[in-house]
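Accompanying notes for the structure given below.
Residue numbers (my numbering): -1 to 142.
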């Protein structure tokens, strides 16, 4: 379960992504994209970054500012989000309102900078998506 698309020679099309994620997870991905489109000048790119263990996914950016990656998995997707030092105060304020899962992922983040870090958040239910949207807002204040 949750196997990633690791064949670099086979870029997936939208239909394959939809089938691979499954209806519910693909719906969550569309909701994430709708939020990003509604609040940022969104650029979406199909990528195979970070070597062979992450696999295919989308890189989402606001203009030239990276927002997050989503990595396709069988039955889910994982959002990889870098929250730098400048985001830490906003994240600290919102943590009490986020799920225990989000708090644990932040506590166990891969360090980046003095206090920031990378989190890898698997989205498998609506509450997960809510946490991700809040963390993206901490990274980049919505324009609209």
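Note that CB positions come from ideal geometry on N, CA and C, so glycine has one too.
Whose C-alpha, out of the options, is nearest the C-alpha of residue i?
{"i": "residue 51", "options": "133, 123 and 5", "result": "5"}
{"i": "residue 119", "options": "140, 113 and 81", "result": "81"}
{"i": "residue 59", "options": "75, 73 and 39", "result": "39"}
{"i": "residue 14", "options": "83, 72, 33 and 46", "result": "72"}
{"i": "residue 139", "options": "34, 27, 7 and 126", "result": "34"}
{"i": "residue 127", "options": "56, 42 and 75", "result": "75"}
Looking only at its chain, what residues have a beta carbon closer than 7 angstroms to the beta carbon of residue i, apart from the 5 residues adjacent to it on each side?
{"i": "residue 9", "result": "44 and 54"}
{"i": "residue 92", "result": "132 and 136"}
{"i": "residue 16", "result": "24"}
{"i": "residue 113", "result": "83 and 86"}
For residue i, count the other beta carbons within 10 Å of its own beta carbon; 16 or more makes it buried, fewer makes it exposed. Which is it?
{"i": "residue 61", "result": "exposed"}
{"i": "residue 19", "result": "buried"}
{"i": "residue 110", "result": "exposed"}
{"i": "residue 0", "result": "exposed"}
{"i": "residue 141", "result": "exposed"}
{"i": "residue 2", "result": "buried"}
Using a Cβ-Cβ cutoff of less than 6 angstroms, which residues in the same chain neighbour residue i once the five nearest sequence positions on both sides are dropped?
{"i": "residue 108", "result": "115 and 116"}
{"i": "residue 30", "result": "none"}
Would you identify the three-state DSSP class for residue i, choosing helix, strand or coil?
{"i": "residue 25", "result": "helix"}
{"i": "residue 75", "result": "strand"}
{"i": "residue 84", "result": "helix"}
{"i": "residue 58", "result": "strand"}
{"i": "residue 33", "result": "helix"}
{"i": "residue 122", "result": "coil"}
{"i": "residue 10", "result": "coil"}
{"i": "residue 2", "result": "strand"}
{"i": "residue 109", "result": "strand"}
{"i": "residue 67", "result": "strand"}
{"i": "residue 141", "result": "coil"}
Is the beta carbon of residue i within less than 8 angstroms of some heavy atom of the ligand FAD?
{"i": "residue 26", "result": "With respect to small molecules bound, the structure shown includes none, and the ligand FAD cannot be examined in it."}
> Counting Cβ pairs, one atom from each stretch, are 3 or more of them under 8 angstroms apart for the segment 98 to 109 and the segment 59 to 75?
Replying inline: Contact between the segment 98 to 109 and the segment 59 to 75 is absent, because fewer than three Cβ pairs lie under 8 angstroms.
>> Measuring CB atoms only, is the segment 10 to 24 touching the segment 99 to 113, in the sense that at least three cross pairs come out at less than 8 angstroms?
In response: Contact annotation: the segment 10 to 24 does not touch the segment 99 to 113, with fewer than three C-beta pairs closer than 8 angstroms.
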